[in-house]
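**Q** Sequential numbering of the sequence shown, starting at 41, is according to the working numbering.
From the three backbone atoms N, C-alpha and C, an ideal C-beta is built for every residue, glycine too.
Model, not experiment: these values are computed from the prediction.
First the structure, then my questions, so here it is.
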Amino acid sequence: SAVTSFLRSMILEGMMSRTLGQRERTAKDVLEYVIARIEDQRATYGDLSWAQEALHDLFYNDVNGTPAGDITSQMVPSLDLETSLKRMDVWCDNPAQVIAEVNKLQSGEQLLVNTWQVVFNVAFDDLSEQGIEVAEGDSIVVEVNGRRVRIRRINTDRRPPHTAIDAIVRDRQLGHQLLVFKDGATGRLRLYEPEVTTSGQHLETLAQDGSNFVRYFNDQPAFGIYQYIQILGKLTPSSLSTLTTTP
């Protein structure tokens, strides 16, 4: 299946790209266990959750999340011949924009979706704690990693465009990955949410009004907190792939 092929490819890539310590060997064992569960048709979402953690442990430490620049490259490892990735950079400000992109999917295709929570002007809150006040619209020079950078305090009464995000210095940006796909067997559009959900369900059929995505746009203007969705890429099964249902 596409899933077991992906997991095997990631194991090989991990073994070829680094020296395996105890942490990495344990992660490899977990992935092999999950592969066996999938092949026996006994895998659960709990198993997939363990696989996600093991994939992270195979390549990264516990302190940091997956670097933004690695998200797309890790979705299609170099040794996985069953899937191709078309990189995208589409930002959505509301559920309607998201579902409009989702409706373009062909059978078996998937969108790699990232939700972003952005807390604007965090650097100025830190400066305020030091007794340094910077008014809206004004700027100040700060030192970051040995270099001097000028940052400006922006207005957050309304949603800033995504191009205004300064995740490196001024703002705090936290991400979370989702998968959206067109089921090859039923033609339905579906959302896979890997984290804990209030309903206990991880797989949802998408409504055409985009209502499944409303919870990812929980803005708090009073605190300068806004949420965005970025579509990072489209995954397409190759002609040799047997993918017909879930990602």
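Where are the alpha helix (DSSP H) runs, 4 residues long or more, that stay fully inside the region 150-230, in chain order?
**A** Taking only runs of at least 4 residues, the alpha helix (DSSP H) segments lying wholly in the region 150-230 are 162-169.
**Q** In the DSSP assignment, what residue or residues form a beta bridge with Glu244?
**A** Glu244 is bridged to Leu231.
**Q** Pick helix, strand or coil for Leu145, following the three-state DSSP scheme.
**A** Three-state result, Leu145: coil.
**Q** Have a look at Asn143, Asn195, Met128 and flag the residue whose alpha-carbon is nearest the alpha-carbon of Pro135.
**A** If we check each option's Cα against that of Pro135, Asn143 comes out closest.
**Q** Would you tell me roughly how many angstroms separate the C-alpha atoms of Arg210 and Val189, rounded to the nearest one?
**A** If I take the Cα positions, the gap works out to 10 Å.
**Q** So, is Ser179 buried or exposed, given that buried needs 16 or more other C-beta atoms within 10 angstroms?
**A** Burial call: exposed.
**Q** How is the alpha helix (DSSP H) around Gln81 delimited, first residue to last?
**A** Premise fails: Gln81 is in no alpha helix (DSSP H) and is neither H nor E.
**Q** Is Leu98 helix, strand or coil by DSSP?
**A** Leu98: helix per DSSP, three-state reduction.
**Q** In whole angstroms, give me the CA-to-CA distance for Leu151 and Phe46.
**A** Looking at the two C-alpha atoms, the distance is approximately 16 Å.
**Q** Verify whether the separation of the beta carbon atoms of Lys68 and Ser147 is less than 9 Å.
**A** Contact: no.
**Q** Give the secondary structure of Asp87 by DSSP, where H, G and I count as helix, E and B as strand, and everything else as coil.
**A** If DSSP states are grouped into helix, strand and coil, Asp87 belongs with the helices.
**Q** Considering only their Cβ atoms, is the gap separating Ile205 from Phe160 smaller than 9 Å?
**A** A contact, by the Cβ cut-off of 9 Å.
**Q** Taking its Cβ as the centre, do 16 or more other Cβ atoms sit within 10 Å of Pro201, making it buried, or is it exposed?
**A** With fewer than 16 Cβ atoms within 10 Å of its Cβ, Pro201 is classed as exposed.
**Q** What's the call for Ala247, buried or exposed, on a 16-neighbour Cβ count within 10 Å?
**A** Exposed: under 16 other Cβ atoms inside 10 Å.
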